[in-house]
Amino acid sequence: MTDRDRALLEQMDENRRMNHDGNVATRNRPRGDGPRGGQSGEGSGGGARGPRNAEDLTTEVLELRELVERLSSRQESDAQEELVIEFQEFDKYAKIHTFGKAVEADSFEKLKGVTNYQGWLKAFKVTANVYSAWDIYEGHFDSLAGTTDAVVSRQFKRVCRSALAVLQTACDGTVQNTLVNEPQVLPSKAMQLLEDRNRQRGGAIVWSLFREFMSANLANSGTVSEFRNKLVGTQERLVAIDPGYRLPPWQVNSHFLGGLTPAFDNKVAVLSADHSIVSVDDPKDFETLAREVIEEEQRQLNGDDVTTLAAHYQKFCTHCKKTGHLNVDGPNGCWGRPANKTYKNAYVEKKKSRKRAGTEPAGMATVLQKKQRVETGSFVQESSD
-18 MTDRDRALLE QMDENRRMNH DGNVATRNRP RGDGPRGGQS GEGSGGGARG PRNAEDLTTE
42 VLELRELVER LSSRQESDAQ EELVIEFQEF DKYAKIHTFG KAVEADSFEK LKGVTNYQGW
102 LKAFKVTANV YSAWDIYEGH FDSLAGTTDA VVSRQFKRVC RSALAVLQTA CDGTVQNTLV
162 NEPQVLPSKA MQLLEDRNRQ RGGAIVWSLF REFMSANLAN SGTVSEFRNK LVGTQERLVA
222 IDPGYRLPPW QVNSHFLGGL TPAFDNKVAV LSADHSIVSV DDPKDFETLA REVIEEEQRQ
282 LNGDDVTTLA AHYQKFCTHC KKTGHLNVDG PNGCWGRPAN KTYKNAYVEK KKSRKRAGTE
342 PAGMATVLQK KQRVETGSFV QESSD
């Protein structure tokens, strides 16, 4: 507030006290005995007071309007100066060129259209924040487009051109045509254009993502890790729309195993005995399941014979790493599980009783019986005394 504004406010406050009626305009008071001496005269004096009050009121309104306009103009000017300083700091520290190299890399998924807009926007914003460049895309400095400062105007236009070039780099060829055919001066307007063209609204995006989830499989993913990442990524995009769209774990697990290639049939056969994979109340963690299949993929690449053994013996325990039984609870499950301790003790006691009675088969007969059990797929777990 300037000295002139302050003096005007003080004068208006003094007038308000002197006028006794709340009016802040300066009046030519008539002479008389006391503060209201002029009001005790003839009717003509009272009649002349009305027009004078209207004139004073008009003057008051004009003075107040002028003061408000000056204060508003000063505030806007101060805000613009602060924005210029903030923009110069942005121009100093934002690494837009490096940001452009980051989105140009093959590891950054380009915007292809409605199918990946949500995921692309999230990745673009995160990367832009890493290089302190997001403010220009958010439109924080858009009001500088009309600045009369020639130096600031040149700086702002240069930054906008660089930001728009990076945005084009982050888009696929088809989407790039949108930015070329409808050129924008401000990066924020270009971002809005991409949103209008590519953002799915209503139920369309949910159907699109669900279809993307169901169509994903190992054959069109390359590796088990990439297949897993597709399912996880689609899940995250569904949850971003609404947490209620999170798919149940049993469904994710089932789709994952069903999407594997025939090379993993033996592994799937082994895992199918694990009820927790499709359990509704206590489902197996998807990352744990995927890790087991990834390990199997690695064994196949390394030429390990674990899968061959599993195929020959039909059963392979993931707990003790032995063939002939599964890692489940029950009399035919792994004795390494605490729940199966009673079955192990019963078998050991039975074997000791047979030895004491002299009925335990030995020598070649034992070997032949074991071979027969392997060929028929009927296994019992042997235990040392």
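If you count the sequence shown from 1, position 238 lands on 219 in the numbering used here, and the numbers rise without skipping.
All residues carry an ideal CB built from backbone N, CA and C; glycine is no exception.
Please read all numbers here as calculations on a predicted model, not as lab measurements.
Chain-order list of residues whose beta-carbon lies under 6 Å from that of residue i (same chain, five-residue window excluded)
| i | result |
| --- | --- |
| residue 179 | 94, 95, 98 |
| residue 120 | 169 |
| residue 205 | 274, 275, 278 |
| residue 317 | 300, 301 |
Check whether residue i and residue j have beta carbons under 8 Å apart
| i | j | result |
| --- | --- | --- |
| residue 140 | residue 84 | no |
| residue 326 | residue 310 | no |
| residue 151 | residue 105 | yes |
| residue 270 | residue 313 | no |
| residue 307 | residue 315 | yes |
| residue 113 | residue 76 | yes |
| residue 100 | residue 214 | yes |
| residue 116 | residue 71 | yes |
| residue 157 | residue 165 | no |
| residue 80 | residue 137 | no |
| residue 174 | residue 194 | no |
| residue 133 | residue 65 | yes |
Residues near residue i in its chain [Cβ-Cβ closer than 7 Å; skip 5 each side]
| i | result |
| --- | --- |
| residue 118 | 109, 144, 168, 169, 172 |
| residue 240 | 197, 198, 199, 208 |
| residue 153 | 91, 92, 93 |
| residue 254 | 307, 309 |
| residue 298 | 306, 307, 308, 315 |
| residue 245 | 274, 277 |
| residue 163 | 174 |
| residue 242 | 199, 200 |
Three-way DSSP call (helix, strand, coil) for residue i in this model
| i | result |
| --- | --- |
| residue 141 | helix |
| residue 155 | helix |
| residue 241 | coil |
| residue 96 | coil |
| residue 304 | strand |
| residue 317 | coil |
| residue 113 | coil |
| residue -15 | helix |
| residue 121 | coil |
| residue 229 | coil |
| residue 265 | coil |
| residue 46 | helix |
| residue 200 | coil |
| residue 131 | helix |
| residue 310 | coil |
| residue 105 | helix |
| residue 160 | helix |
| residue 167 | coil |
| residue 214 | helix |
| residue 17 | Any reading at residue 17 needs caution, since the residue's pLDDT is 46, under 50, leaving its predicted position unreliable; the model's value is listed next. It is coil, neither helix nor strand. |
| residue 207 | helix |
| residue 89 | coil |
Exposure label - residue i; buried when at least 16 CB within 10 Å
| i | result |
| --- | --- |
| residue -9 | exposed |
| residue 127 | exposed |
| residue 274 | buried |
| residue -12 | exposed |
| residue 396 | There is no way to answer for residue 396, as the model of the chain reaches only from -18 to 366. |
| residue 190 | buried |
| residue 286 | Reliability of the predicted coordinates at residue 286 is poor, the pLDDT of 47 falling under 50, and the value obtained from them is presented with this limitation in mind. The residue in question, residue 286, is exposed, as its Cβ has fewer than 16 Cβ neighbours within 10 Å. |
Same chain only: Cβ atoms within 8 Å of residue i, ignoring 5 sequence neighbours per side
| i | result |
| --- | --- |
| residue 258 | 231, 234, 235, 238, 252, 264, 265, 270 |
| residue 88 | none |
| residue 47 | none |
| residue 160 | 145, 148, 149, 152, 171, 174, 175 |
| residue 261 | 229, 231 |
| residue 227 | 216, 219, 220 |
Stretch pair the segment 184 to 191 + the segment 207 to 222: three plus CB contacts closer than 8 Å: Output reads yes: the segment 207 to 222 touches the segment 184 to 191.
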